[in-house]
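Colleague:
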Amino acid sequence: MSKAENTRLTILQKAFNLIYKNGYQATSIDHIIATTSVTKGAFYYHFKNKEEMGLAIINDVMYPGMHQAAIAPLLQSDDAIAGIYKMMKGMLMDTTFFDAKYGCPTINLIEEMSPLNSAFSEALQRITSRWSEAIQASIEKSKQQGTVRDHVNSEQVAVFVLSGYGGIRNLGKMQSAACYQVYLKELKNYLQSLA
């Protein structure tokens with residue numbers, strides 16, 4: 006990785022951390038520059054403005070992270086019921102970066118920026134669409150194998166699972182990660198009802 010690529014990645018990672026804790030709108034370029042110890046010129050060499058940097062965070066930091074944690078495991082699983090549960094448990098209980106009091110960075114940005122910025126909305130939609138498609142593909146594969154009932158609507162399952170994740174992440178901000186166990190228990194019951 007070149008020095009310029011390393012600087013760009015450092016800016017994105019530090020900005021991601023600030024935005025995760027403080028929100029996109031509350032995080033200023035000056036705060037990002039102070040945290041990364043780069044010059045304003047170096048920041049503007051890589052990003053013409055804060056919006057371009059925010060979109061790069063979504064596309065170059067968040068999407069690969071969500072793909073690795075939530076999408077790839079589903080695409081590799083042969084059992085939708087176990088795979089979806091394991092993926093969700095991993096997202097809630099095993100992801101060391103996420104702090105319950107701050108929620109999920111993707112959900113946070115969806116709530117904060119989607120109504121305000123169509124470019125953000127489209128980039129975030131890419132993440133949730135790919136995640137939904139992976140859940141649906143997993144369900145369809147298990148239907149073909151006979152481990153999920155034929156009449157199960159994979160799109161409805163995906164919407165239910167994703168909305169549950171967003172909701173429990175938000176409850177976790179108020180109630181702590183302890184509420185995740187309650188959600189996971191009921192998610193397991195729901196998924197088992199699909200068999």
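Numbering (my numbering), first residue to last: 6 to 200. Where is the CB? At the ideal position from N, CA and C, for every residue including glycine. Being a predicted model, the structure only gives us computed values, none of them experimental.
What would DSSP say about Asn54, mapped onto helix, strand or coil?
Modeller: Residue state, collapsed to three classes: coil.
Colleague: So, with DSSP's three-state summary, where would you put Cys109?
Modeller: Reduced to three states, the DSSP call for Cys109 is coil.
Colleague: The alpha helix (DSSP H) with Asn175 in it runs from where to where?
Modeller: Ser159 to Gln180 is the extent of the alpha helix (DSSP H) around Asn175.
Colleague: So what does DSSP say about Gly46, is it helix, strand or coil?
Modeller: DSSP places Gly46 in helix when its eight states are reduced to three.
Colleague: In chain order, what residues of the same chain have a beta carbon less than 8 Å from the beta carbon of Ser137, not counting five sequence neighbours either side?
Modeller: Here the set comprises Glu160, Ala163, Val164 and Leu167.
Colleague: Are three or more beta carbon pairs between the stretch 116 to 124 and the stretch 67 to 76 nearer than 8 Å?
Modeller: As far as the Cβ criterion goes, the stretch 116 to 124 does not touch the stretch 67 to 76, which means the pair count is below three.
Colleague: Assign Asn122 to one of three DSSP states: helix, strand, or coil.
Modeller: In the structure shown, Asn122 sits in coil (DSSP, three-state: anything other than H, G, I, E or B).
Colleague: Just tell me which of Ala85, Ala75 and Leu60 has its CA closest to the CA of Arg154.
Modeller: For Arg154, the nearest C-alpha among the options comes from Ala85.
Colleague: Got a sec, what are the start and stop residues for the alpha helix (DSSP H) His36 sits in?
Modeller: Counting along the chain, the alpha helix (DSSP H) containing His36 begins and ends at Ile34 to Thr41.
Colleague: At which residues does the alpha helix (DSSP H) containing Tyr2 begin and terminate?
Modeller: Look at the range of the chain in this structure, 6 to 200, and you will see that residue 2 is not part of it.
Colleague: Going by alpha carbons, who is nearest to Thr44 out of Thr15, Tyr195, Leu114 and Lys94?
Modeller: The shortest Cα separation from Thr44 among Thr15, Tyr195, Leu114 and Lys94 belongs to Thr15.
Colleague: By the DSSP assignment, the alpha helix (DSSP H) with Val153 in it spans what residues?
Modeller: Unbroken run through Val153: none, as it is neither H nor E.
Colleague: Quick check: what's the CA-CA separation for Tyr2 versus Ile34?
Modeller: One cannot answer for residue 2 here, as it falls past the ends of the chain, which runs 6 to 200.
Colleague: Smallest Cα separation from Arg185: which of Ser134, Asp99 and Thr41?
Modeller: Looking at the sequence provided, one finds Tyr at residue 185 rather than Arg. Considering only alpha carbons, the answer is Asp99.
Colleague: Tell me the rounded alpha-carbon separation between His36 and Ala105.
Modeller: So the two alpha carbons sit approximately 24 Å from each other.
Colleague: DSSP on Leu80, reduced to helix/strand/coil?
Modeller: The answer is helix: DSSP assigns Leu80 an H, G or I state.
Colleague: Once the 5 residues before and after Ile132 are set aside, which same chain residues still bring their CB inside 8 Å of it?
Modeller: Ile63, Met67, Tyr68, Met71 and Thr111, listed in sequence order.
Colleague: Gly169 to Glu116, Cα distance in whole Å?
Modeller: Each residue's alpha carbon lies about 15 Å from the other.
Colleague: To the nearest angstrom, how far is it from the Cα of Thr208 to the Cα of Lys19?
Modeller: The chain is shown from 6 up to 200; residue 208 falls before or after that span and cannot be answered.
Colleague: Quick one: give me the first and last residue of the alpha helix (DSSP H) that Leu189 is part of.
Modeller: From DSSP, the alpha helix (DSSP H) with Leu189 extends over Ala183 to Gln197.
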